[in-house]
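Comments concern the structure below.
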Amino acid sequence: MVPEIFKAPATGILTSPDRLRKIDQLREKNIDVILPLPTLVAVGDQSSGKSSLLESVTDIPFPRGQELCTRYATQITHRRDPEVQIIITIIPAPQSTDNEKVSLRSYRKELSSTDELRTKFVAILDEVNVYMKIKTAKNPKGTKTFSRDILKIEKCGPTEDYLTVIDVPGIFRLTSKGQTTESDRNLVRDMVIGFIKDKRTIILAVLPANVDVMTQEILALAEEYDPEGERTLGVLTKPDLVIERSAKEAVCNLVNGRKKPLNLGYYLVKNRGGDDVDDAEDSSGLRKKERDLFQQAPWCNLPQERVGVAALRERLQDLLGEITDKAYPELRSEARKKLTEARDQRDALGPSRQTDREQQQYLGQIAAKFQTIVRAALATDYSADPAFDQSQLRLITELVEITEWFNVTMRNIGHRYAFQHSGDSTADVDEPEPEEHLSKESGNTKDTWLRNVLTQNPELHDVINLAKEPNTSFSVQSDNGKWIDVVYRRCRGVELGTFSPTVLASAFRDQTTKWDLITERHMSRIILTIHNFIEEMLKVACPNAKIREGVKSMIIDDLVAGYKRGMNFAKYLVQVEREKKPYTVNHYFNSNLQAARGQRMFNILAPKSFEQSQTPQNSPDTVTKVVRLADVKTATTDKSNEKHAQEDIHDILKSYYKVARKRFVDSVWCHAIDHHLLSGPNSPLTLFSEQWVLGLDEDSLAAIAGESRSSRDKRIELSKKISDLEEALRILK
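So in our numbering, spot 156 of the sequence shown is number 156, and the numbers just go up one at a time.
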């Protein structure tokens with residue numbers, strides 16, 4: 001009894017003739033190059049009887065002979081059509097050159113009947129060999145033994161059933177000197193694999209019954225790509241050549257599923273043999289010979305639905321219908337997916353850019369998109385583009401945080417020497433502690449990232465300085481500070497109770513020697529952040545890497561020049577602050593100075609104060625600390641002119657330094673950063689704009705936005721693919 005999985009379905013009408021017709025329409029338009037379609041592929045070793053089997057199944061009269069063995073894949077399609085005709089064309093291999101494709105596609109033969117084909121087939125195949133450059137005795141100028149091109153034979157007529165079978169060259173193990181090479185053997189094997197690897201392909205493994213199937217390489221190859229045997233159907237040929245009883249029994253065991261089972265099972269057929277050479281003999285005579293053979297033992301004991309060409313043909317039609325039904329929804333989904341991918345790829349190429357106007361228009365659109373992103377970044381409109389989801393691309397937010405770090409650094413270590421603490425807890429109420437989010441760890445992480453940006457942009461090395469911060473240790477003194485004494489003595493002149501104006505200027509320069517390095521480092525952080533923003537947003541505005549690199553190469557010198565302007569202006573601000581005579585009209589200077597002087601008097605008199613009650617009750621609320629007027633009178637009499645001058649220098653310098661430092665930090669932001677690097681007319685952010693594009697000459701425009709031949713060819717290819725997929729979806733509705 002035949003196992004259930006091997007039983008052929010009841011014969012009848014095809015599962016889905018309408019869908020098969022649509023699949024056939026897709027093949028007509030060569031959609032199978034893009035979408036693998038449900039297909040029956042006949043594969044086997046050389047001389048396994050494939051071509052003879054195909055003739056029996058398709059009624060296409062393949063000529064026989066060593067010279068005419070299969071050198072390329074042959075696709076046989078039966079198509080229902082009111083007109084009876086046979087159309088022969090060539091499908092070029094994907095790797096063919098454009099000229100080769102034109103030549104191969106130009107070949108077309110239309111015949112009116114099978115009889116006409118039988119008469120002209122040998123001559124047609126000779127012509128095909130010439131077109132495919134197959135080397136034969138009749139075509140000694142040919143350069144190939146095998147070809148990846150496909151010979152397509154369409155058999156049309158009102159009674160034709162929808163069936164497509166592909167015959168591929170037979171696998172061979174040994175090469176023949178002067179005929180086949182190891183390269184030919186590998187080529188044929190690759191061709192076979194290319195057809196059988198797709199899950200929508202039914203593998204017709206053609207096996208000669210007179211040879212042990214275990215020696216047939218094609219069965220092992222089919223098992224490699226269909227390990228479960230779900231889409232492999234074994235076709236045993238040449239049963240008339242099986243003589244020994246044991247060999248016949250082995251064949252019967254295969255058909256009955258007792259040996260090397262396949263889910264689709266095995267079929268036994270008799271092909272046209274070597275003696276069946278009379279072209280006048282019709283298929284009915286061949287089928288009679290087959291019936292006579294299968295009425296003999298042991299073939300007569302096999303399930304009748306598993307023997308004979310007619311049974312095989314019905315099963316192939318059913319299988320093609322089944323895999324078509326299964327693949328149909330997948331084909332639509334895959335076509336939509338591939339269509340989306342193709343459109344995205346074409347969009348990434350941009351529009352055609354052959355003329356100056358097309359190039360200018362395309363590049364102008366990219367520049368406009370870039371400037372839109374820049375405006376959104378400057379306005380902190382981070383909802384304008386998904387790219388702003390990356391925190392490092394939130395430009396203003398990043399720059400503000402870096403500037404806050406600059407302010408904290410200037411406050412904590414900007415001065416060379418420590419100022420004397422007055423002891424007043426309220427003296428620095430205008431100096432809040434650094435924000436908690438400005439942690440040392442986050443600063444180190446940001447610097448690591450910025451160093452990576454610098455590594456990737458060596459052209460910025462002449463501008464950037466990410467040296468370590470200046471020494472954070474202070475030269476703290478126990479009194480007014482020896483450095484004040486040094487400056488005072490170095491600049492002292494003939495004064496009575498006062499000091500030379502040059503003392504303050506000299507002291508301020510000494511105190512601000514770190515400003516150069518701190519400011520340069522701060523500006524380096526700012527510039528690297530801006531440059532990274534420009535690079536990343538160029539990627540957003542221009543996905544095409546070639547064009548993006550072209551833009552960068554054209555603007556990099558101007559970008560660096562813009563960065564240098566910002567850096568140099570920051571250095572100029574440092575120079576102005578450090579080299580000019582200290583002066584300010586800021587009222588905080590006077591307030592801080594008076595507070596410092598008052599604090600000094602307080603520190604002198606506080607030890608001499610005593611408590612005095614204002615009421616008899618001696619209530620704590622009415623106890624006041626007082627000092628004697630005599631103590632006030634003598635409070636400063638114990639100081640020398642020199643000591644008094646040094647204290648005054650310290651307090652004036654401390655009050656002025658605080659005002660100057662804040663003014664400087666604000667000026668760096670307003671002038672060096674905001675004006676020169678962000679929103680000013682010469683900002684690097686405004687460089688790549690539509691106006692810049694309009695100013696490019698023809699050569700520069702072509703160098704950046706010009707389309708290469710490969711890009712143009714790729715667009716044409718993608719446009720064709722999109723058109724084919726759109727047509728495929730229309731057919732698959």
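For glycine and all other residues, C-beta sits at the position ideal for the given N, C-alpha and C.
Checklist entry - When the Cα of I652 is compared with those of L685, L320, P582, R715, which residue comes out closest? => result Looking up residue 652 in the sequence shown gives position 652. Among L685, L320, P582, R715, the Cα nearest to that of I652 belongs to P582.
Item to check | Contact the stretch 126 to 137 vs the stretch 45 to 60: 3+ CB pairs below 8 Å | outcome: no
Checklist entry - Which class does R80 belong to by DSSP, given the choice of helix, strand or coil? => result For the purposes of this step, residue 80 is identified with residue 80 of the sequence shown, where counting begins at 1. Reduced to three states, the DSSP call for R80 is strand.
Next on the checklist: With H, G and I counted as helix, E and B as strand and the rest as coil, what does DSSP make of A297?
Outcome noted: Position 297 of the sequence shown, counted from the start, is the residue given in the question as residue 297. Residue state, collapsed to three classes: coil.
Checklist entry - If we ignore side chains and look at the alpha-carbon of each, how far apart do D18 and K155 end up? => result Here residue 18 corresponds to residue number 18 of the sequence shown, with the count starting at 1. Here residue 155 corresponds to residue number 155 of the sequence shown, with the count starting at 1. Cα to Cα, the separation comes out at about 18 Å.
Checklist entry - In its own chain, which residues sit with a C-beta less than 7 Å from the C-beta of V659, not counting the 5 before and 5 after it? => result Counted from its first residue, the sequence shown places residue 659 at position 659. Taken in chain order, the residues that qualify are T584, N586, Y588, F589.
Checklist entry - Closest by CA to P158, which one among E110, V84, L187? => result Walking along the sequence shown from the start, residue 158 turns up at place 158. Among E110, V84, L187, the Cα nearest to that of P158 belongs to V84.
Item to check | Assigned secondary structure, D167 (DSSP; H/G/I helix, E/B strand, else coil) | outcome: Within the sequence shown, the letter at position 167 stands for residue 167. Three-state DSSP puts D167 in a strand.
Checklist entry - So what's G44 in DSSP terms, helix, strand or just coil? => result As a working mapping, residue 44 is identified with position 44 in the sequence shown. If DSSP states are grouped into helix, strand and coil, G44 belongs with the strands.
Checklist entry - What is the residue span of the alpha helix (DSSP H) that Y563 lies within? => result Counted from its first residue, the sequence shown places residue 563 at position 563. 545 to 579 is the span of the alpha helix (DSSP H), which, as asked, contains Y563.
Checklist entry - Taking C-beta to C-beta, are N271 and T237 nearer than 8 Å? => result What you label residue 271 is simply residue 271 of the sequence shown in a count that begins at 1. What you label residue 237 is simply residue 237 of the sequence shown in a count that begins at 1. Cβ distance < 8 Å, so N271 and T237 count as in contact.
Item to check | CA-to-CA distance, L254 to R200, given in whole angstroms | outcome: Taking the sequence shown and counting its residues from 1, one reaches residue 200 at position 200. Taking the sequence shown and counting its residues from 1, one reaches residue 254 at position 254. Cα-Cα distance, rounded: 25 Å.
Checklist entry - Looking at the unbroken alpha helix (DSSP H) that takes in T114, where does it start and where does it end? => result Numbered from its first residue, the sequence shown carries residue 114 at position 114. Element bounds for T114: 114 to 132.
Checklist entry - Could you give the residue range of the beta strand (DSSP E) that holds E154? => result The residue labelled residue 154 in the question sits at position 154 within the sequence shown. Unbroken beta strand (DSSP E) run through E154: 150 to 157.
Item to check | Nearest-angstrom Cβ-Cβ length linking L63 and V122, presumed shorter than 8 Å | outcome: Here residue 63 is taken as the residue at index 63 of the sequence shown, counted from 1. Here residue 122 is taken as the residue at index 122 of the sequence shown, counted from 1. Here the sequence assigns Pro to residue 63, which means Leu is not the residue at that position. Going by Cβ atoms, the distance from P63 to V122 rounds to 5 Å, so yes, they are a contact pair.
Item to check | T215 beta carbon less than 8 Å from that of L262 | outcome: Within the sequence shown, the letter at position 262 stands for residue 262. Within the sequence shown, the letter at position 215 stands for residue 215. Against a cut-off of 8 Å, the Cβ pair of T215 and L262 comes out as no contact.
Checklist entry - Under 8 Å, do A705 and R353 count as touching if we go by C-beta distance? => result Residue numbering aside, residue 705 sits at position 705 when the sequence shown is read from its first letter. Residue numbering aside, residue 353 sits at position 353 when the sequence shown is read from its first letter. Yes, Cβ-Cβ distance for A705 and R353 is below 8 Å.
Item to check | Close-in-space but distant-in-sequence residues of the same chain around E223 (CB under 8 Å, 5 per side omitted) | outcome: Within the sequence shown, the letter at position 223 stands for residue 223. So the qualifying residues of the chain are G229, T232.
Next on the checklist: So within the stretch 322 to 381, which uninterrupted beta strand (DSSP E) runs reach at least 3 residues, ignoring any that extend past its ends?
Outcome noted: none
Checklist entry - Do you know offhand how far G234's Cα is from R715's? => result Along the sequence shown, one-based indexing puts residue 234 at 234. Along the sequence shown, one-based indexing puts residue 715 at 715. Each residue's Cα considered, the two are about 44 Å apart.
Next on the checklist: I need the boundaries of the alpha helix (DSSP H) containing I34, first residue and last residue.
Outcome noted: Locating residue 34 in the sequence shown gives position 34, where the first residue counts as 1. Taken as a continuous stretch (DSSP letters only), I34 belongs to no alpha helix (DSSP H), as it is neither H nor E.
Checklist entry - Which first and last residues belong to the alpha helix (DSSP H) in which V408 is found? => result Position 408 of the sequence shown, counted from the first residue, corresponds to residue 408. Its alpha helix (DSSP H) spans residues 395 to 413.
Item to check | Cβ neighbours of S475 in the same chain (closer than 7 Å, five flanking residues each side left out) | outcome: Start at 1 with the first residue of the sequence shown, and residue 475 comes out as number 475. For S475, the pLDDT reaches just 42, beneath the cut-off of 50, and the residue's location in the model is therefore unreliable, although a value from the coordinates is still provided. Cβ neighbours of S475 beyond the five flanking positions: Y417, A418, W483.
Item to check | Minimum C-alpha distance to A42 - residue among L221, S683, E647 | outcome: Within the sequence shown, numbered from 1, the residue matching residue 42 stands at position 42. The shortest Cα separation from A42 among L221, S683, E647 belongs to L221.
Checklist entry - How long is the line joining the alpha carbons of D697 and Q360, rounded to whole angstroms? => result What you label residue 697 is simply residue 697 of the sequence shown in a count that begins at 1. What you label residue 360 is simply residue 360 of the sequence shown in a count that begins at 1. Looking at the backbone, the Cα of D697 and that of Q360 are separated by about 10 Å.
Checklist entry - In whole angstroms, what separates the C-alpha of P61 from that of K337? => result Indexing the sequence shown from 1 puts residue 61 at position 61. Indexing the sequence shown from 1 puts residue 337 at position 337. If I take the Cα positions, the gap works out to 41 Å.
Checklist entry - Can you tell which of I530, F569, S667, Q317 has its C-alpha closest to the C-alpha of E160? => result Numbered from its first residue, the sequence shown carries residue 160 at position 160. Out of I530, F569, S667, Q317, Q317 has the C-alpha closest to the C-alpha of E160.
Checklist entry - Roughly how many angstroms separate the alpha carbons of K301 and Q295, rounded to a whole number? => result As a first step, residue 301 is located in the sequence shown; it is residue number 301 there, counting from the start. As a first step, residue 295 is located in the sequence shown; it is residue number 295 there, counting from the start. Note on identity: in this sequence residue 301 is Asn, with Lys being the wrong assignment. Approximately 9 Å, taken between the alpha carbons.
Next on the checklist: Given this structure, state the Cα-to-Cα distance separating L268 from S47, to the nearest angstrom.
Outcome noted: Within the sequence shown, the letter at position 268 stands for residue 268. Within the sequence shown, the letter at position 47 stands for residue 47. Whole-angstrom Cα-Cα distance: 17 Å.
Item to check | The alpha helix (DSSP H) enclosing K714, as first and last residue numbers | outcome: Numbered from 1 along the sequence shown, position 714 holds the residue referred to as residue 714. K714 -> alpha helix (DSSP H) spans 709 to 731.
Next on the checklist: Less than 8 Å between the beta carbons of P169 and R71, yes or no?
Outcome noted: Counted from its first residue, the sequence shown places residue 169 at position 169. Counted from its first residue, the sequence shown places residue 71 at position 71. Yes; because the gap between Cβ atoms is below 8 Å, this pair is in contact.
Checklist entry - When the Cα atoms are used, what is the spatial distance from P543 to R661? => result Translated into positions along the sequence shown, residue 543 becomes position 543. Translated into positions along the sequence shown, residue 661 becomes position 661. Straight-line Cα distance between these residues: approximately 44 Å.
Checklist entry - Which ranges does the alpha helix (DSSP H) cover as unbroken runs of at least 4 residues, wholly within the stretch 197 to 243, from first to last along the chain? => result 217 to 225
Checklist entry - From the DSSP output, which residues share a beta bridge with R71? => result Residue 71 sits at position 71 when you count from the first residue of the sequence shown. Answer is none; R71 lacks a bridge partner.
Checklist entry - Between the beta-carbon of L339 and the beta-carbon of L35, is there less than 8 Å? => result One-based indexing of the sequence shown puts residue 339 at position 339. One-based indexing of the sequence shown puts residue 35 at position 35. Going by C-beta atoms, L339 is not nearer than 8 Å to L35.
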